[in-house]
Amino acid sequence: MENNLLALILLLPFGGACLAFALPSDRLRPWLLPLCGSLHLVLTFVVIQAGPLSAANGWLGIDPLSRLILLIISLLFCGCSFYALGYLRYRISWGNRIFVTCLLLFLFAMTLAAMARHLGILWVAVETTTVSSAPLIYYNRNRLSIEATWKYLLLGSVGIALAMLGILFVAYAGLAGGGHVSLQFDDILHGAATYSRPWLKAGFVFLLVGFGTKVGFAPLHTWKPDAYGEAPGLVGALLAGGLTSVAFLALLRTLQIMDAASEAVMAREAFLAMGLISMAFAAVFVIRQPDFKRMLAYSSVEHMGILAIGVSVGGIATFGAMFHLLNNALTKGVLFLAAGNIHRRFESKRVGDVRGAIILLPFSASLFLLGFLAITGSPPFAPFISEFTILQGIFSGGHYVTGGLFLFFLAVIFIGMGSTVLSVVFGNPPEKKGDENYRETLATTGAPLIMLLIILVLGVYLPDPVRRIFADAAALLEVRP
Amino acid sequence: MNFLFLSWLLLGLGACTASLPWRSSKIPAILGGGSAVLGCLSGLIAAGQGLIAGKAETFSLPWSMPGGSFSLRLDGLSAFFLLPLFIVGLAGAVYATEYMQKEKAPLHWTWYNFLLVSMAMVVTAANGLLFLFAWECMSLTSFFLVITEFNLAEAVAAGWTYLLATHLGAAFLFAFFLTAGAFSGSLDFSSFHLLGKLSVPVASALFLLLLVGFGSKAGIFPFHVWLPDAHPAAPSHVSAIMSGVMVKTAIYGLLRMCSFLPVSPVWWGGLLMALGIIGALFGIAMAALQRDVKRGLAYSTVENVGIIILALGFWMQSRAAGQHLIAALALAGALIHLLNHTLFKSLLFLGAGSLIHGSGSRNLNHMGGLMRRMPVTSLLIVCGGMAISALPPFNGLVGEWFIYRALLGGGSTLSGLGGFFPAALLGLLALVGGMVIIVMTRIIGIALAGSPRSPEAAQAHEAGWPMLSAMTVMALLCLAGGLAPVLLLRVAGQAGVLLDPDSANLFAGQDINPWWLGMMAFMLLGSLLAAFSFSRWRQRRGTVAAANTWGCGFAFPASRMAYSAESYTELAQSGMFCSCLIPESKDGQTVGYFPLIRSFVFTAPDPLLEKFFRPLFQWTAGYCRRCCCRLQSGNLHIYLFYVFSATILLLFWAWQR
Amino acid sequence: MKITILQLFLHLLLLFGLSPLLSGVIGKTKALFAGRTGPPWLQLYYDIWKLFGKGLVLSRVTTWVFRAGPVVGLAVPVLAALLIPFGSIGAPLSFTGDLIFFIYLFGLARFFTACAALDTGSAFEGMGAVREVTFSCLAEPTVFFAFIVLARLSGSLSLDAMFGQTLAASWHSAAPSLLLILVCLFLVTLVENCRIPFDDPNTHLELTMIHEVMVLDHSGPDLGMILYGAAMKLFVLGALVVRLFLPGTTGSMILDLLLFAGGMLLLAVIIGVVESTMARLRLLRIPQLLVGASLLSFFSLILLLR
Amino acid sequence: MDNTVNFLLLLVILLNFFILGSSRLVSCIRTVAIQGGMLSLLPVLAHGFSGHTLFLAAGAFLLKGIAIPFLLFKAIRQVRIRREVEPLIGYVPTLILGTLATAGSFIFSDRLPLIAEHSQSLFVPVGLATLATGFLMLITRRKAITQALGYLIFENGIFVFGMLLTEAMPLMVETGVLLDLLVAVFVMAIVMHQINREFSTMNIDKLSSLKE
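Read top to bottom, the protein sequences are chains A, B, C and D. Note that the numbering used here numbers the first sequence so that position 462 is 466, with each residue one more than the last. Note that the numbering used here numbers the second sequence so that position 93 is 686, with each residue one more than the last. Note that the numbering used here numbers the third sequence so that position 41 is 291, with each residue one more than the last. Note that the numbering used here numbers the fourth sequence so that position 94 is 101, with each residue one more than the last.
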């Protein structure tokens, strides 16, 4: 039963990808996306209900963290898949065989990564996300998207290769510590206490840099603005919400290993430093950002920093970070999808060319504005609660300087993003009209609207089952003295 | 409490239903406006109960958010702030049914109702997270109201300045609540009494956080920069709410939080007094220079907040020095002035809105002669002008009377520096009082009196009954406050005894009772009536002829020759103001004996905003951009180098561990 | 906090009866200096009587505010007079903090006079209104500082007590301060009543006037009320100066009354002398003089605080 | 056995230097192919014959020695370029840096405790040195194709290191790793083709319009 369930949730997107590649019709193919997306969501709910699962000799399994990540991926993908219907209908002439196939492969890779209980599998899955998302970034097939793809591919591959090295180091740490070598996650956790410190520490550094590149910690984030900026909004949403969550999961796994090896203090210091540097970089870059999709990329860097800080501080902040993981993913989804609509309508993403979006695209522009307010931590949206919880953890842990810096960066980023967002949303539309045939459809506005509603509800009322998902995930990251 | 919930329910329902896509434009007005009116009435009952009951009512529900609980507390202080909130909310709602344009109205109702709910929640919240939640909701909803005219660039710019200021301020509040929560172990206000054990330096740091955080919302002097832009951009009843009520919620926060902190060192009060008097002088001077009527009123809010803060500072200082009578007077003055300011400032903003509605311009120089075209509005504005100038028989005098009495008490009984500061402040406050009269006679004289200064003003139309009735209620309340000052003291006393328990008997006793003021107001009305009847009697007896205004020999006086808004303050400007306040004028020079037609641009921007904050922000932004260009140059080699060096650095770091 | 019917009656009688006389005395003094015969002592009484009997001419631009100016201008000094002692005759109305009400009463008069002037829509009257509100605004701190000094000396916050029986004793203990504020109050009386050196009521150029230019358009009974009100205002403010100058009491009410009346006449003569010997200041110098007066009164306060 | 392996590893380092110093693309690709071929001998040499090692050796040889060089050769034949343009840092400084990095790797690996049976082998320093060489290539070379080569060398370094842990790595994971490498290079080759089509050059200096 367990095997079947996990196999099913993996095979669904993989089979969907194969089917998409085989289907000849550009019109029919996109329907595979919502189909797979919704089934995946249903299966995810079943998996979440089912409790801890394990399959394939313990190589795959579901623990509270995977449950959370799986939920995030599935929700986001489901929303994006409905959006994709509208988007691909609009761009029917562009062809979508590779696009749909890669989207489903991407989902497959993310699901695999979420369920991996073996570091090798985890690595392969994360690398697969890179490879399968590269063609998605290249979807627009122009000079800029080539450049973005190339940078993404190279930086991503180098990063992930470093992570491989880190995995090998950790494995060797076991060998050098006199134990049995295994890359099974549970074995590692079990034996970590005896691991050889130099190997383990070096391995941690490689893993941090490697997965940190995928997560997009500054200064390893350099591919992010290019990739997010040039990819279609839909892909941006999946990258910023899904891929980063998966990569962050890989970092959390690393953290678990370090916790088990009683090296928690060092690991958390590194996370804290990375988090603060990321927030600082994002704050500097987001100011007067002339391109609103790149701005969202920097915001993603910021939120990865927030997550890292939340996890590093511990206590209630870990809960906040877990909550924030979901909030960040969904809010980024809203923002990228809405930004994609605006981009299509104006055929530009430069702030100077895009003005008065609320007049031409009332729904998308409102979603963009509300999404901006949500992501910068304004109530009644859920990121307010999660960021506040992280801050509570920071302050009650006595890290007043960190807390002060955190608040300062948040404020600066709010200013930076706000001036860009407001000039995009309000004002009078420019003379150059863009694509006048572009219309908002139910698919392209409904999906982000649903996501926004979810974070709105979660910002006011956190139901107990949902709360338990976060709390269980956070409990895994608690340092046990 | 139940009525408060009922009010929230009604307001919330109205907010949610008003902006649905209804066919008819009347339905949103009925749903939104009706719910706002009913909600405010229900809220008024709650506030009244809170004031009469005199003892705190609490309510608590668990909230699933970490650190949060849905705890509310309605005590005298909260009720004291709820009362004006719902009064102005009610008047604003009635006013808006006529004032708002049809297409903007539905969404406006949503934000308006939510603004009322969030403000009421701010003053009743008894949990830090809930307070911040409501606080931020209040900022956001008011931001959306400010940008109601979102197609105008200046409205959006004003809204943005506002949002920026309030958000930066909120960051300080976050820091305060989080630190306070860390010290007291919980974010519930019921545990905040533990803050009373803090050492003075820590408490002072917290106090400064509060001052900046709440100051940026309240418009305390260096943080007022958003206010003069935001108020003119918002619809007038929203300006009334923002200026009359929202700004005061910040003062509520300051008072409430300070009541948790240990008894203050003297310098806290001194700092507040200094900021207060600077703000008052600055605000009123800037108000005298504005040609935009609502901008002028906005600066007048800066001035009045300055006065309130001054009085509060004096209260803190005298309490710290053990002067209970003076402290009670100052506190009563601050609270009563706060209440009064709510009433007359919202009256004036509503009146200004009516003028704009009627004449189509916010520029004083384009109005003129509206007294004839809009008699009721004009009468009400004159009442408001008298109230804000603290002239009898209106309520403005009552608050100022207490503040003056406190300062006089300090100046005439204390010796040394203790007497010097109140005396000096008294003189400066008197100067402010004189300048308020300049500002108000300017608005009345230029906008209402004389002959029309533009074709639109000549065609101005009087507002309809919803707008007029809203204003009339406010004006009557202003008059009632002036005639029955004891009532004002009773209401303020409910809040006062909570803030300063030592002076509870003073609030109830005769020492600071202002009933003579009411008596004098009645006598003034009597003597005015007598003089008026005499005048009528003589007029009946004699003949009445109509003629042109005496032009001192000039036969054809025109409205363009009359004193303009700028010339009205020229004398004060050249005689009294320091050079940094002087407005900028461009292209005014005439050349030659027969000069061509010249255009003349005259602006009075906020000097602090234009000469300090804006350059600072722009420089920082430019610097950041330059950094960005260097760091993210588009070169893949450098990016790879970042990865490489990050690895090496972290390896070194790990090695050191 | 007391009302005495006798004092009320006396106050009103003195105020209504005696106030126009001051103007006559000033006129005669000035005429004496100029070597003219001058108008009769009771000229202002004749003027007011005559004006009350005349018809009204109203500008077509004006509204009720224009008519309210004279009404307020007449009612305010009457009420204000009830708050202060005339000589050693105590004030009929007095309460703690009445000095604030007293000052703001004159603010009310100023408010309406200025509004009434602006209501005509004439550039000249606007000019007068501006000057009136601006200069009075600068005079207000002076009054407050002077009152604090008196409050400090008397230990009370009501005008009746501040200008009451303790004043004579205060002259012994704090003569320099009292002298300074006497000068300041005299200056305030001059500026509030638009006398030389601040304003020249008899000039013929509207451009240079303050008070007179504001009432250009008033006529008939309205103008009469304005003249009467102005005379009373001079009387009320003058009464403060005189009381400060002649603080004691003789013990007999009749003598006190005579002393007060004599003091008022003396004040009128002094004003006449000042007007005859000084020229009107340039407009831009007036704020400086007023700020100087404020500083002077503040200095007198510092003398006490030391 | 150790000596043979160590000799092979030293050859790998030699090839690293050769690549760093060479400007002809064809010889670079050929060298990488040779390096890959040599590395594919390592599993067998280091761990003896077994199904696992044979499969690994065969897979590595097919991929690193044949398939990927073939892909790259095809790519440069299409774009008709022969030489690397002048790198960001000249050849001699690159060689010096390469030497320094190699020395650094040896020093660094001295600090890492090895288990007894590996104490004589050079897997760790050579792996790290190869890694560093790959990084150097990535950072200093201007052509897309040389960057891809740098990535391959980088991967080779990891492969060398992985030899220490062959028994820990399940076959399926190894397969996945190799396949991912192939796909990554395949995608890179496609993108290179597109770069050449759009920009008419393989010089990635042209790819710097996405910046702040």
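For each residue, glycine too, the CB sits at the ideal point set by N, CA and C.
Counting Cβ pairs closer than 8 Å, one from the stretch 24-44 of chain A and one from the stretch 87-100 of chain A, do we hit at least three?
Cβ pair count under 8 Å is three or more, so yes.
Can you name the residues that DSSP bridges to HIS122/A?
DSSP, once it has assigned bridges, lists GLN188/A as partnering HIS122/A.
Taking the alpha-carbon positions, what's the GLY549/B to MET979/B distance?
Lying outside 594 to 1250, the shown extent of chain B, residue 549/B is not represented and no answer is given.
Taking C-alpha atoms, which residue in ILE73/D, PHE24/D, GLY58/D, ARG84/D lies nearest to HIS200/D?
Ranking the options by Cα distance to HIS200/D, first place goes to ARG84/D.
Could you tell me which of ALA325/C, VAL311/C, THR279/C, GLY285/C sits nearest to LEU477/C, measuring between CA atoms?
Of ALA325/C, VAL311/C, THR279/C, GLY285/C, the residue nearest in Cα terms is ALA325/C.
Going by other Cβ atoms of all chains shown within 10 Å of its Cβ, with 16 needed for buried, is ASN7/A buried or exposed?
Exposed, because fewer than 16 other Cβ atoms sit within 10 Å of the Cβ of ASN7/A.
Using CA coordinates, which residue listed in VAL461/A, SER85/A, GLY324/A is at the minimum distance from PRO383/A?
Among VAL461/A, SER85/A, GLY324/A, the Cα nearest to that of PRO383/A is on VAL461/A.
Name the chain D residues that come within less than 8 Å of PHE289/A, Cβ to Cβ?
Under the 8 Å cutoff, chain D gives GLU219.
Taking CB distances under 9 Å as the criterion, tell me whether GLN127/D reaches chain B.
Closer than 9 Å: no.
How should MET176/D be labelled, buried or exposed, when 16 other C-beta atoms within 10 angstroms of its C-beta is the threshold for buried?
Flag for MET176/D reads buried.
So, helix, strand or coil for ASN956/B, using DSSP?
Three-state DSSP puts ASN956/B in a strand.
Taking 9 Å as the threshold (beta carbon to beta carbon), is VAL305/A in contact with chain D?
Closer than 9 Å: no.
Is LEU27/D close to chain A? Criterion is C-beta to C-beta, closer than 9 Å.
Judged by the 9 Å Cβ criterion, LEU27/D is not in contact with chain A.
Please check the pair TRP702/B and ALA773/B, which I expect to be a contact at CB under 8 Å, by giving their CB distance rounded to whole angstroms.
Between ALA773/B and TRP702/B the Cβ distance is about 36 Å, and since that is not below 8 Å, they are no contact.
Counting only Cβ pairs nearer than 7 Å, list the residues of chain D close to LEU140/A.
What LEU140/A touches in chain D: nothing, since even the nearest Cβ is about 11 Å away.
Do we get a CB-CB distance below 9 Å when we pair LEU551/C with the residues of chain B?
At least one chain B Cβ lies under 9 Å of LEU551/C.
Using a Cβ cut-off of 8 Å, which residues of the stretch 136-169 of chain A contact any Cβ in chain D, in chain order?
Answer set for the stretch 136-169 of chain A: ALA138, PRO139, TYR142, ARG145, ASN146, ARG147, LEU148, ILE150, GLU151, ALA152, THR153, TRP154, LYS155, LEU157, LEU158, SER161, VAL162, ALA165, MET168, LEU169.
Going by C-alpha to C-alpha distance, which of GLY1020/B, LEU943/B, ASP1199/B, MET839/B sits closest to ALA880/B?
ALA880/B has its Cα closest to that of ASP1199/B, out of GLY1020/B, LEU943/B, ASP1199/B, MET839/B.
Beta-carbon within less than 6 Å of ALA758/B's beta-carbon, same chain only, minus the 5 sequence neighbours each way: which residues are those?
Taken in chain order, the residues that qualify are SER809, TRP819.
What does a CB cutoff of less than 6 Å around PRO490/A pick up in its chain, not counting 5 residues either side in sequence?
Past the edges of chain A, shown from 5 to 485, lies residue 490/A, and the structure says nothing about it.
Kindly indicate which three-state DSSP category ASP434/A falls into: helix, strand or coil?
At residue 434/A the sequence reads Pro, which differs from the Asp that was named. DSSP places PRO434/A in coil when its eight states are reduced to three.
Sorted by chain position, which residues of the same chain lie with C-beta nearer than 7 Å to GLN1087/B's C-beta, five sequence neighbours on each side aside?
Once the five neighbours on either side are set aside, the close Cβ partners of GLN1087/B are LEU644, GLY647, GLY669, ALA672, PHE673.
Check the Cβ-Cβ distances between LEU272/C and every residue of chain B, and say whether any is below 9 Å.
It does not; no Cβ of chain B falls within 9 Å.
Between GLU747/B, LEU882/B, LEU780/B, which lies nearest to ILE1175/B when the distance is taken from Cα to Cα?
Of the candidates GLU747/B, LEU882/B, LEU780/B, the one whose C-alpha sits nearest the C-alpha of ILE1175/B is LEU882/B.
On the premise that ALA1063/B lies in contact with ALA713/B, defined as a C-beta separation below 8 Å, what is that separation, rounded to the nearest angstrom?
Not really, about 19 Å apart at Cβ, beyond 8 Å.
Looking at the C-beta of TRP1248/B, does it have a partner C-beta in chain D at a distance below 9 Å?
Taking Cβ atoms only, chain D reaches closer than 9 Å to TRP1248/B, which makes this a yes.
Note the first and the last residue of the continuous beta strand (DSSP E) segment covering VAL358/A.
Taken as a continuous stretch (DSSP letters only), VAL358/A belongs to no beta strand (DSSP E), as it is neither H nor E.
Please go through the same chain and pick out, in chain order, the residues whose beta-carbon is closer than 8 Å to the beta-carbon of LEU89/A, but skip the five residues on each side of it.
Contacts found: PRO34, TRP35, LEU37, PRO38, ALA447.
Closest Cβ-Cβ distance between SER338/C and chain B: below 9 Å?
No - not a single Cβ of chain B is within 9 Å of the one on SER338/C.
When the Cα atoms are used, what is the spatial distance from SER1044/B to THR370/C?
Whole-angstrom Cα-Cα distance: 8 Å.
Just verifying my parser: in three-state terms, what is the DSSP assignment at SER420/C?
Residue state, collapsed to three classes: helix.
For the stretch 1167-1183 of chain B, enumerate the residues whose C-beta is nearer than 8 Å to any C-beta of chain D, in chain order.
If the cut-off is 8 Å between Cβ atoms, the stretch 1167-1183 of chain B has nothing near chain D.
Work out the CA separation of LEU242/A and LEU456/A for me, nearest whole Å.
Rounded to whole angstroms, LEU456/A to LEU242/A spans 16 Å at the Cα level.
Between SER735/B and chain D, is any beta-carbon pair separated by less than 9 Å?
No, its Cβ sits nowhere closer than 9 Å to a Cβ of chain D.
Out of GLN257/C, LEU400/C, GLY488/C, PRO451/C, which has the shortest C-alpha to C-alpha gap to PRO327/C?
When only C-alpha atoms are compared, the closest one is GLY488/C.
Could you check where the alpha helix (DSSP H) with ARG147/A kicks off and where it finishes?
Here the alpha helix (DSSP H) through ARG147/A covers 147-180.
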